[in-house]
Amino acid sequence: MFSTVAGGFELSKILGQPVGPGKANWMAAAYSLTQSAFVLISGRLGAVYGHQKLLLLGGVVIVIFSVANAFCTTYSSFVAIRALTGVGGGILMPNAVATLTIMVPPGKARNFTLATFAASPPVGAGIGALMMGAFLQYSEWKWHFVSV
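Taken in order, the sequence shown gives residues 2 to 149; the numbers are from the numbering used here.
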């Protein structure tokens, strides 16, 4: 979290709107808040309309708004678009778990599949931070959001 708040300080300077500690954390919090708000709603929508359809919708929302983040020119617009990206994450998460539980029969295989799925975010965050750190040494910050 510290690195994300520090990133918020730096990004706000790059966007020409330096912010203090009270606003720097919104860069990370905006995604998390909207993602958590949409998990329950989208899980139910997946049960009604189909988990695979909502899984696809969540992926499309994440891609569209991640690319839109690259074109933000102010810190406020960056935070707003980041929050909309979180909606995609909120749609994606419960429907991904539901799809896995539907596709993999109960037993050791399902346990392993769900454990691997649950371990993916922290492992991906660690590896992704290292890769993006190296990548951003030679490119602009905007390419991080386009490459996702």
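Note that CB positions come from ideal geometry on N, CA and C, so glycine has one too.
query, result
"A38 and G91 look like a contact to me (Cβ under 8 Å); what is the Cβ gap, rounded to whole Å?", "6 Å"
"Can you look up L115 in the DSSP assignment and give me helix, strand or coil?", "helix"
"Check whether the stretch 76-83 and the stretch 116-124 are in contact - that is, three or more C-beta pairs closer than 8 Å.", "no"
"Quick check: what's the CA-CA separation for L101 versus F146?", "27 Å"
"Of the choices Q53, G87, S43, A31, whose alpha-carbon is the least far from that of I181?", "Because the chain here runs from 2 to 149, residue 181 falls outside it and cannot be looked at."
"Look at the alpha carbon of L56 and the alpha carbon of M132, and state the distance between them as a whole number of angstroms.", "26 Å"
"Out of G127, Y139, M94, which one is the CA nearest neighbour of F118?", "M94"
"With a cut-off of 8 Å, do at least 3 Cβ pairs link the stretch 67-79 to the stretch 13-20?", "yes"
"Within its chain, find whatever has a CB closer than 7 Å to the CB of M2; leave out the 5 residues flanking it on each side and keep chain order.", "Confidence in M2 is poor, its pLDDT being 47 and thus under 50, which makes the residue's placement unreliable; the coordinate value appears in the next sentence. Closer than 7 Å at the Cβ level, and outside the excluded window around M2, lie A29."
"In chain order, what residues of the same chain lie with their CB nearer than 7 Å to the CB of G134, ignoring the 5 residues before and after it?", "none"
"Hey, G89 and F66: beta-carbon distance below 9 Å or not?", "yes"
"Can you tell me where the alpha helix (DSSP H) with V153 in it begins and where it stops?", "The question about residue 153 has no answer here: the residues shown for the chain are numbered 2 through 149."
"Which residue wins for smallest C-alpha separation from V98, given the options E11, L41, W27, N26?", "L41"
"To the nearest angstrom, report how far apart N70 and T35 are at their CA atoms.", "16 Å"
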